[in-house]
Amino acid sequence: MANDLKAVQTTLESISSTKPVYAELVETFSPLMSKQAELAEEFGENGPEPPKVDEVRLMEGVHVLAGVKCDDWKEFLLASSRALLPLLKDMAPPEAWPPEADTNLSGKTLARLVEARLSGDLQQFENTFVKLDGMPPSVLFSIVEAVAAPVLASMAGRLGESFSKGCWDQGSCPFCGSLPTIAYLSRRDPKDIENLVGGGGKKHLHCSLCSHNWEYRRDTCPACGNQDQESREIFFVDGMKHERIEACHECGTYCLCIDLRECEPQPQLDVVQLGLVHLDMIAQDKDLEPMTPTTWNSLEP
Ligand SMILES: [Zn+2]
Ligand SMILES: [Zn+2]
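Our numbering applies: residue 14 is where the sequence shown begins, and numbers increase by one.
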């Protein structure tokens, strides 16, 4: 699955031309998403070494980055924050980024905040926010996610897409533990010669933070594990069945899903979501919450 800068740019251009209603949204996110992809590529093989994969721990449902210390990543987190903070500031509404807020974050502060994000320690964001003179903790949280993303993506990329195959059955990411922002049904594997007709259609989830993709059961809600078909539902716009909402009424969340067998060229999975905001609106009109809130799907009521 292409996550490189070229795939990001092709997908941005394709949304602007085929769905002009989203051209403005694409323009807003284009500098950030392009820069993140560029950084992930730049770090590549020279980025921080990912921890060794422990298959026994994976089988027990413990993701690779659980409990890691991020000090070794400081240099990369700093490089990422220097490149991305000016872009994030341009995108933020003025009240979210008070002029007095000191966002000159040190490598050490960044490492502590990324650890807090990975372990779900939201108190750490509250504590750091006090030191930052008025930047809302929720904004700081989004900044830390945006800055960490290219560093984590370079590490996940080094492990390769198949590292968790056969030993991970969770709805959260085997590498960083985050929930998905989007699911997809895979294309037919060109190596799968037994299935010359049809094939593909295996469900995968795409991590909201590190961009890793992993296979998942089609009949289960990734957020709560609900398998009851009565309380799970699919919605789509007429004639656009390959772009759909998968809802779970048990936990009240939804995740978008795209059928890649119907997409040419193959979209980049973070960018493609910018062209699906109408589905977020439909789902949220039905009182469903996004499985993973993002800057573009967290709509005003
Ligand atoms: Zn992840
Ligand atoms: Zn659920």
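The beta carbon of each residue, even a glycine, is placed where N, CA and C say it ideally should be.
Local conformation of residue i per DSSP, three classes
i	result
Ser222	One point to set straight first is that residue 222 is Leu, not Ser, in the sequence displayed. Residue state, collapsed to three classes: coil.
His291	helix
Pro112	coil
Lys216	strand
Trp227	strand
Arg200	coil
Pro314	Its pLDDT being 45, under 50, Pro314 is placed unreliably by the model, and the measurement read from it follows with that caveat. The answer is coil: DSSP assigns Pro314 none of H, G, I, E or B.
Ala79	coil
Asp298	helix
Leu131	helix
Glu62	coil
Leu118	coil
Check whether residue i and residue j have beta carbons under 8 Å apart
i	j	result
Trp11	Val290	Any answer about residue 11 is impossible in this case: the structure gives the chain only from 14 up to 314.
Val152	Ala105	yes
Asn239	Arg245	yes
Ala196	Cys270	yes
Val21	Ser94	no
Glu128	Cys180	no
Leu198	Arg125	no
Pro63	Leu172	yes
Leu91	Pro163	no
Thr116	Leu98	yes
Trp227	Ser177	yes
Rounded Cβ spacing between residue i and residue j (contact assumed at less than 8 Å)
i	j	result
Trp86	Pro61	5 Å
Cys237	Cys261	6 Å
Cys220	Leu131	12 Å between Cβ atoms; not a contact.
Cys223	Ala166	5 Å
His363	Ser185	Because residue 363 is not part of the residues shown, which for the chain are 14 to 314, the question remains open.
Glu256	Phe249	6 Å
Item to complete: Please list, following the chain, all residues that have a C-beta closer than 6 Å to any non-hydrogen atom of ligand 1.
Response: Environment of ligand 1, chain-ordered: Cys186, Phe188, Cys189, Ser191, Cys220, Leu222, Cys223 and His225, taking every residue with Cβ within less than 6 Å of a heavy atom.
Worksheet item: If you measure from each residue's Cβ to the nearest non-hydrogen atom of ligand 2, which ones come out under 5 Å, in chain order?
Response: Those residues, listed in chain order, are Cys234, Ala236, Cys237, Asn239, Cys261, Glu263 and Cys264.
Discussion item. Quick check for students: name the residue ranges of the alpha helix (DSSP H) that lie wholly in the stretch 159-196, counting only runs of 4 or more.
Written reply: Correct list: empty.
Worksheet entry | 3-residue-minimum beta strand (DSSP E) runs that sit fully inside the stretch 240-289, ordered along the chain | Within the stretch 240-289, the complete beta strand (DSSP E) runs of at least 3 residues are 245-249, 256-261 and 266-272.
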